[in-house]
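Numbering of the sequence shown is given in our numbering, commencing with residue 111 and proceeding in unit increments.
Just so it is clear, CB atoms sit at the ideal spot from N, CA and C, and this is done for glycine as well.
Note that the structure is a prediction, hence the values are computed from the model and not measured.
Since the structure comes first, as structure tokens, the remarks are kept for the end.
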Amino acid sequence: MKFLTQIRLLIDLKALSVIPLFPGMLHRPLLSKRRLSVIISLFACAAFSTLIFFHEEPLPAETNWVDPPLKQKTPGIRLKARNVLLPAGIHFPRYALREHLSDTESEEWQILQLKKTLVMEYPPHEPGRFKSTEPFLFSRFGDSKCALEELKIVFAADTPAKVPVNLNTTFQIFNEEAEQYDDSYNQFLRPHIEKYLSPDALENSWHRFSGTSVWLKDYSVHLVVSQLVFAEDGDRNKPKFSLPLAQIFDEKWDEVEDVRVVFPSNNVTGTPGFEVNNKTYILHRFPRILPIPFAIEEDGKNWGTEDLQMTLFQNDFGRDEPVLVFSSFHLNGEIEQDHSTGIRSVFMSYPFQVQIGKNIGRFEDESANKHVFTRTKQLKIEGEPEKPVEKNWVPFYNNYGDNQTHVMFATRLEPLKIIKCELWTENGECVVEHPGNEKKLSPLRGGTPFVSVKRIEADDREFFIGFAAAHLQDCGCGRRFYRPNIVVVERRGKKWSIVQVSTSVDIGAKILFWKPEGKGIEFWDFDRDILSLDLSVNDIAVEKVHLSGVLKALEDTKYWEVKDYEKGESPVSCALDYSRDFCKAFGLENQGISSNFLKSIVPKGKEWVNGAVF
């Protein structure tokens, strides 16, 4: 490879050195055969040089990358580490990127670009040993009792695998980008967090959970965004602030701990993007704190991004682009600018796009007006006043109408409420598509984005599947018990309803009291009927688990034939009743634990009876 590169450079220099001679030569009325032969030879050299430069060489079988990996194996550096990744299918002159990276350490990094023919719709996945699980499933019904409507479905889950994090590397890169490369956001954020970056604080006061991921097929990597919280006293349930941590993982789920990725972006004057062929691009170095704007003050707590959800949408250029949804506390300032007048709202952010200034809330931080942030907008419901707390909105897209320009949200699951928001514009006003009746909040809420699994075009019907989170209080082995529930949702025209809900799904969380909560579905390979589920476990860890046979299990129930009762009963109440039984059984199964630990978790006024809290 080194020899070939030297030949390329030599030919390029020869070709370039004769260009000034061409005009004089070509204006002469007659050329000798010898001189003409020289010119033709030089043109041939230049053409051969160009062909070599843009030729895609055969790929090493084990890498799938155009450029082979570095021959030297530096300890701790993965295949794509300390490289620059370009999106597949885009002709990208290397000199433009080198010029943008000039005078930086990354100027000498290798540039990798996946061949378009090797782009994979789904990541290579090799699930581990599966264990079957058999939850009950309830369908909507008329006047019959729950017991008459229950079905048992069977599918399988493999062993959950942890998604690792290295905070030392994360903040080392954070500081390097601020000091050496003038990263605008890092320079803005660093004064707020630098006093919390001591080795002791990194070990005891920072916690990371609530991860959500997408497969970036044009780079052959996983993008994971999780909640990185700082709690001064070490109690992760009372964080001072939460930051959106983004990491890149390769096909085998090994973290690429230092890599730059080039993303197509929007064109905003004054931002650090660069143009190639009239298109704007930005570079992010990972792992990194995404530059998402949020309110932050010295006093108070729970600043920052929470309840992260991420899913892919197709942008105007026909490429997959992640959209991040989160809730965040901010100041509304109707009375006075203090913490007591703040509200928690839902925001939508575009990790590949940028803006100048925070552009959130009524009171802008003037010190932020010159800094570059991720493009973000607050979402509101048209015709409704802002509530003190909005959270747990479930994003998804459907396959009818203006699905390329709008995103749907289930803002409540029981009763079901669906809204529609503009996806790519600055307008954050969402319209209600299915109102749902206002009533007491159900324990079933939040969860993963819905995935469209079936359409019946003749009747304008569409079906979606997702995993909701049942939040059960004072149940089983502690104050709270979380397990995901499968939810099947139907769209019939513009009418929406919950068709089926499962009881709690056992997805292999082995450790007692851990509460696995579904946060995202990274992919669903329908041909193999394997889906990859993101889990937040006990607000401690981010995990991945594969489920096999979910689609077939649900199709065997023929959910599309479930009757649409005008005044029927929701299946949610039945599923929750059985989930509480599951919770109690879990407590009985795991009753052999120390009495001291039990005393620490049993709420005041409750008691431990035969392995459960009552």
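| field | 7 Å CB neighbourhood of Val229 in its chain, flanking five on each side removed | value | For the purposes of this step, residue 229 is taken as residue 119 along the sequence shown, with counting starting at 1. Correct list, in chain order: Ala198, Lys327 and Asp328.
| request: For the beta strand (DSSP E) holding Ala267, just list the boundary residues, first then last. | output: Here the question's residue 267 lines up with position 157 in the sequence shown. From DSSP, the beta strand (DSSP E) with Ala267 extends over Phe265 to Ala267.
| field | Bridge partners - Glu304, DSSP secondary structure assignment | value | Counting from one through the sequence shown, the residue named residue 304 turns up at place 194. Looking at the DSSP assignment, Glu304 forms no beta bridge with any residue, so it has no partner.
| task | State the DSSP-derived secondary structure class of Leu641, mapped to helix, strand or coil. | result | For the purposes of this step, residue 641 is identified with residue 531 of the sequence shown, where counting begins at 1. Strand at Leu641.
| request: Report the rounded CA-to-CA distance for Glu236 versus Ile466, giving the unit in angstroms. | output: Counted from its first residue, the sequence shown places residue 236 at position 126. Counted from its first residue, the sequence shown places residue 466 at position 356. One C-alpha to the other measures close to 42 Å.
| request: Verify the contact flag: Glu543, CB atom, against every heavy atom of the ligand GDP, threshold strictly below 8 Å. | output: Among the components of this structure there are no ligands whatsoever, and the ligand GDP is therefore not found.
| Secondary structure at Phe284, three-state DSSP: helix, strand or coil? | For the purposes of this step, residue 284 is taken as the residue at position 174 of the sequence shown. Reduced to three states, the DSSP call for Phe284 is helix.
| field | Where Tyr295 sits in the DSSP three-state scheme | value | Stepping through the sequence shown from its first residue, residue 295 is reached at position 185. Tyr295 falls in the helix class under three-state DSSP.
| said: Among Cys540, Ile528, His481 and Glu416, whose alpha-carbon lies nearest the alpha-carbon of Lys629? | reply: Translated into positions along the sequence shown, residue 629 becomes position 519. Considering only alpha carbons, the answer is Glu416.
| request: Jot down the residue ranges of each uninterrupted beta strand (DSSP E) in the region 368 to 406, minimum 3 residues, whole runs only, in chain order. | output: 369 to 374, 384 to 386 and 389 to 396
| task | Answer with buried or exposed for Ala514, where buried requires no fewer than 16 other C-beta atoms within 10 angstroms of its C-beta. | result | Along the sequence shown, read from residue 1 onward, the residue named residue 514 stands at position 404. Per the sequence shown, the amino acid found at residue 514 is Gln instead of Ala. Gln514 is exposed by the Cβ-count criterion.
| field | Sheet register partners of Tyr460 (DSSP bridge) | value | Here residue 460 is taken as the residue at index 350 of the sequence shown, counted from 1. Answer is Arg485, bridged to Tyr460.
| What's the C-alpha gap between Ile617 and Arg690? | Position 507 of the sequence shown, counting from 1, holds the residue named residue 617. Position 580 of the sequence shown, counting from 1, holds the residue named residue 690. Distance between the alpha carbons of Ile617 and Arg690 is about 17 Å.
| task | Going by CA-CA distance only, name the one from Asp293, Leu211, Thr558 and Lys480 that's closest to Phe436. | result | Indexing the sequence shown from 1 puts residue 436 at position 326. For the residues Asp293, Leu211, Thr558 and Lys480, the minimum Cα distance to Phe436 belongs to Thr558.
| task | May I ask you to list the residues that DSSP assigns as paired with Gly659? | result | Indexing the sequence shown from 1 puts residue 659 at position 549. Bridge partners of Gly659: none, in fact.
| request: Output the distance between the C-alpha atoms of Asn285 and Ile528, rounded to the nearest integer angstrom. | output: Locating residue 285 in the sequence shown gives position 175, counting from the first residue. Locating residue 528 in the sequence shown gives position 418, counting from the first residue. Distance between the alpha carbons of Asn285 and Ile528 is about 42 Å.
| What residues are listed by DSSP as bridge partners for His544? | By 1-based counting over the sequence shown, the position of residue 544 is 434. Paired residue(s): Ile528.
| query | Can we say the region 394 to 411 touches the region 349 to 365, given the rule of at least three CB pairs closer than 8 Å? | reply | yes
| request: Evaluate Pro656 with the Cβ neighbour count: other Cβ atoms within 10 Å of its Cβ, from every protein chain shown; 16 or more gives buried, anything less gives exposed. | output: Mapped onto the sequence shown, residue 656 falls at position 546. This sequence places His at residue 656; Pro is not what is there. When all chains shown are included, His656 counts as buried.
| query | Considering Arg522, what are the terminal residues of the beta strand (DSSP E) in which it resides? | reply | As a working note, residue 522 is residue 412 in the sequence shown. From DSSP, the beta strand (DSSP E) with Arg522 extends over His516 to Leu523.
| task | Could you tell me which uninterrupted alpha helix (DSSP H) segments, each at least 4 residues in length, are contained entirely in the region 186 to 261, listed from first to last along the chain? | result | 204 to 210 and 256 to 259
| Where Asn513 falls: helix, strand or coil (DSSP) | Locating residue 513 in the sequence shown gives position 403, counting from the first residue. Correct three-state label for Asn513: coil.
| Excluding sequence positions up to five away, which residues of its chain have a Cβ less than 6 Å from the Cβ of Glu385? | Numbered from 1 along the sequence shown, position 275 holds the residue referred to as residue 385. The answer is none, since no qualifying residue turns up.
| said: Considering just the uninterrupted stretch of the alpha helix (DSSP H) at Pro309, what are its terminal residues? | reply: Counted from its first residue, the sequence shown places residue 309 at position 199. That run of the alpha helix (DSSP H) goes Pro309 to Asn314.
| If you draw a straight line from the alpha carbon of Asp177 to that of Leu393, how long is it in whole angstroms? | As a working mapping, residue 177 is identified with position 67 in the sequence shown. As a working mapping, residue 393 is identified with position 283 in the sequence shown. Any reading at Asp177 must be qualified, since the residue scores a pLDDT of 36, below 50, and its modelled position is unreliable; the value itself is stated next. Their Cα atoms are separated by approximately 19 Å.
| request: Could you have a look at Arg98 and say whether DSSP puts it in helix, strand or coil? | output: Since the displayed the chain opens at 111 and closes at 724, residue 98 lies outside it and no answer follows.
| message | If the criterion is Cβ atoms closer than 9 Å, does the pair Arg454 and Pro498 meet it? | response | Along the sequence shown, one-based indexing puts residue 454 at 344. Along the sequence shown, one-based indexing puts residue 498 at 388. Yes.
| When you compare each of Asp635, Pro525 and Arg522 to Val563 by their alpha carbons, which one comes out closest? | Taking the sequence shown and counting its residues from 1, one reaches residue 563 at position 453. Of Asp635, Pro525 and Arg522, the residue nearest in Cα terms is Asp635.
| request: Could you tell me which of Lys501, Phe519, Glu500 and Thr269 sits nearest to Asn508, measuring between CA atoms? | output: For the purposes of this step, residue 508 is identified with residue 398 of the sequence shown, where counting begins at 1. Nearest C-alpha to Asn508: Phe519.
| query | Which term fits Lys183, buried or exposed, when burial requires 16 or more other beta carbons within 10 angstroms of its beta carbon? | reply | Residue mapping note: residue 183 aligns to position 73 of the sequence shown, counting from 1. Here the model assigns Lys183 a pLDDT of 36, short of 50, so the residue's position is not dependable, and the following value carries that caveat. Lys183 is exposed by the Cβ-count criterion.
| request: Just tell me which of Ala580, Ile566, Ser552 and Pro681 has its CA closest to the CA of Ser607. | output: Start at 1 with the first residue of the sequence shown, and residue 607 comes out as number 497. Among Ala580, Ile566, Ser552 and Pro681, the Cα nearest to that of Ser607 belongs to Pro681.
| task | Provide the residue span of the beta strand (DSSP E) that contains Ala568, from first to last. | result | Taking the sequence shown and counting its residues from 1, one reaches residue 568 at position 458. Counting along the chain, Ala568 falls outside any beta strand (DSSP E), and DSSP gives it neither H nor E.
| query | In the structure shown, what three-state DSSP assignment does Leu478 receive? | reply | Position 368 of the sequence shown holds residue 478. Here residue 478 turns out to be Ala, not Leu, going by the sequence shown. Residue state, collapsed to three classes: helix.
| request: Could you pull the start and end residues of the beta strand (DSSP E) that Gly414 belongs to? | output: Here residue 414 refers to the residue found at position 304 of the sequence shown. Note, Gly414: beta strand (DSSP E), Trp413 to Gln424.
| Candidates Asn537, His317, Pro594 and Thr243: which alpha carbon is nearest Ala580's? | Position 470 of the sequence shown, counted from the first residue, corresponds to residue 580. Here the closest residue by C-alpha is Pro594.
| Can you pull the DSSP bridge partners for Phe633? | Start at 1 with the first residue of the sequence shown, and residue 633 comes out as number 523. Paired residues: Ser642.
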